[in-house]
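Below is one structure; the comments refer to it alone.
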Amino acid sequence: MNCGSDKVIYMDNNATTRVAPEVVDAMMPFLTDCYGNPSSMHTFGGQVGRAINEARAAIAELIGADPEEIVFTSCGTESDSTAILSALQTYPEKRHVVTTRVEHPAVKNLCENLDGLTGHKHRITRLPVEADGTLSMDQYRESLGEDTAIVSVMWANNETGVIFPVEEMAAIARERGILFHTDAVQAVGKIPINLKDSCIDFLSISGHKLHAPKGIGVLYIRKGTPFIPFLNGGHQEHGRRGGTENVASIVGLGEACRLAAAKMTEENTRVRALRDKLETGLLTKIPRALLNGHKTERLPNTANISFEYVEGEAILLHMNRYQICASSGSACTSGSLEPSHVLRAMGVPFTAAHGSIRFSLSIYNSEAEVDFVLDKMPAIIENLRAMSPFWSEANK
Ligand code: PLP
926 MNCGSDKVIY MDNNATTRVA PEVVDAMMPF LTDCYGNPSS MHTFGGQVGR AINEARAAIA
986 ELIGADPEEI VFTSCGTESD STAILSALQT YPEKRHVVTT RVEHPAVKNL CENLDGLTGH
1046 KHRITRLPVE ADGTLSMDQY RESLGEDTAI VSVMWANNET GVIFPVEEMA AIARERGILF
1106 HTDAVQAVGK IPINLKDSCI DFLSISGHKL HAPKGIGVLY IRKGTPFIPF LNGGHQEHGR
1166 RGGTENVASI VGLGEACRLA AAKMTEENTR VRALRDKLET GLLTKIPRAL LNGHKTERLP
1226 NTANISFEYV EGEAILLHMN RYQICASSGS ACTSGSLEPS HVLRAMGVPF TAAHGSIRFS
1286 LSIYNSEAEV DFVLDKMPAI IENLRAMSPF WSEANK
């Protein structure tokens, strides 16, 4: 199948990323000749086991962890569920979970369904955010109690890119003897992470957000952290996650982490400069365009901008005619016309939340693409506003 991807201007990298060509090359032998089972006793399987451990070491290196602290899972969602459910099973007498109002559905919906899943009644504190998407540390401190089993706070928000001070928050949780999990699915590969001296107990990674394939994830489990597996079965991952390993994807994720380490400076300079050019251009060229999220405490690749009095879905359809790909709200919530829970938590007015577009760039974007988007967007918004009864009402 030809997706015509060479013509596409892809600015939806927080939804998923292109698999890097180097990653595809690294994976190919494990989809063809090297098909042994890593648990087998023979040399044919053993060499596959060694490739898994090399990938494990590359992933550990990217986040400043020990290879033994890396457990492969099927996705970021599985990693999030595993960490939170493990803590609740470890401390069944503790029924309180602290999280935020802006988590990805992988954590948000799990917390909403905890009572059904564990058979226990839980108390969930969902920390509010400020208008710029940041958290209040005082409210965080006050939320922690004797019965708090785990704190789960994302490292960076998928919709706005806003970064939370998770290292500081984990240190506070540690002082109170509370486990700390962070969903770092959007942060890993984009900003430097070093877990060596941190108090983070669990951290989730998803391969498809950093140029590895979909369907591979990691749960980092700090050495010494009590842990109860989510998937029981074979002895894979030292008994921490049953199931024959997704070898090719694991190898691909290892290569993606090597690439991310090598390209971290580019992500934080060239990609950031492209994002800033796009953001400043849109905010200055288009009237009543607003940035959602903190100006600086943000991932270098993400710009979430509201165009007041127009529908995000309509904007996306018009962008699609030029093969410009972006998102309105998170990928998981598009398809529903509900404004995003993240923007609602930030108090973004209804008329702006509905017209929000998330542009998320990657190392594969070019300045010519940014210029093309800046050229097309003003007319798209102007034409839609010309048809909007809300816009004419607001400008009476
Ligand atoms: N957490 C965050 C912050 C995400 O952005 C996503 C995916 O969009 C996930 C978790 C889920 O990851 P996966 O698609 O690998 O299950």
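Plus 925 on top of the position in the sequence shown (first one is 1) and you've got the working numbering.
Note that the Cβ used here is the ideal one computed from N, Cα and C, for glycine as well.
- Secondary structure at A1181: helix, using DSSP grouped into helix, strand and coil.
- By the C-beta density criterion, R1246 is exposed, having fewer than 16 other C-beta atoms within 10 angstroms.
- Contact between the region 1272-1291 and the region 1215-1234 is present, with at least three C-beta pairs closer than 8 Å.
- Per DSSP, reduced to three states, the secondary structure at D937 is strand.
- For the options T1073, E1236, T1194, V1054, the alpha carbon positioned closest to that of N1226 is the one of T1194.
- By the neighbour-count criterion, in which a residue is buried when 16 or more other Cβ atoms sit within 10 angstroms of its Cβ, M1062 is exposed.
- In the same chain as A983, and ignoring 5 residues on each side of it, the C-beta atoms closer than 7 Å to its own belong to G1179, C1182, R1183, in chain order.
- Counting only residues of its own chain and dropping the five nearest sequence neighbours on each side, L1042 has a CB closer than 8 Å to the CB of L1010, L1035.
- Considering only G1206, V1113, V1267, P1264, the residue with the shortest C-alpha distance to A990 is V1113.
- For the 8 Å CB-CB criterion, V1143 and I995 form a contact.
- For I1075, the enclosing beta strand (DSSP E) starts and ends at 1073-1077.
- By the Cβ criterion, the region 1068-1085 is in contact with the region 1007-1027, since at least three pairs of Cβ atoms, one from each stretch, lie closer than 8 Å.
- Secondary structure note for T1025: it is in no alpha helix (DSSP H), and the uninterrupted beta strand (DSSP E) holding it is 1021-1025.
- Assignment of beta-bridge partners to T1107 by DSSP yields L1128.
- Between D1005 and D1126, the C-beta spacing is not below 8 Å.
- The Cβ atoms of V1054 and R1223 lie no closer than 8 Å to each other.
- The Cβ atoms of I1240 and L1309 sit closer than 8 Å to each other.
- When the beta-carbon positions are compared, A1186 and E986 come within less than 8 Å of each other.
- Setting aside the 5 residues that flank it on each side, F969 is surrounded in the same chain by G961, each with a C-beta closer than 7 Å to its C-beta; the list follows chain order.
- The count of Cβ pairs closer than 8 Å, one atom from the region 1152-1161 and one from the region 1095-1109, stays below three, leaving the stretches out of contact.
- Taking a C-beta distance under 8 Å as the contact criterion, I1288 and V1176 do not qualify as a contact pair.
- According to the DSSP secondary-structure assignment, Y1145 is paired through a beta bridge with I995, L1128.
- Residue environment: G1044 is assigned as exposed (fewer than 16 neighbouring CB atoms within 10 Å of its CB, all protein chains considered).
- Assignment of beta-bridge partners to T1050 by DSSP yields V1023.
- The beta carbon of N1171 sits closer than 6 Å to those of I1141, all from its chain and outside the five residues before and after it, given in chain order.
- DSSP, read as helix, strand or coil, puts L1203 in helix.
- E1318 counts as exposed, since fewer than 16 other beta carbons sit within 10 angstroms of its beta carbon.
- Taken through DSSP and simplified to helix, strand or coil, R975 comes out as helix.
- DSSP places S1068 within a helical segment (H, G or I) once states are collapsed to three.
- In this structure, the C-beta of T1002 approaches the ligand PLP to less than 7 Å from one of its heavy atoms.
- Here the C-alpha atom of L1208 lies approximately 33 Å from the C-alpha atom of E1093.
- When only Cα atoms are considered, I1249 and H1243 end up about 9 Å apart.
- By the 16-neighbour rule on beta-carbons within 10 angstroms, M1312 is exposed.
- A distance criterion of 7 Å places the beta-carbon of G1142 in contact range of the ligand PLP, judged by its closest non-hydrogen atom.
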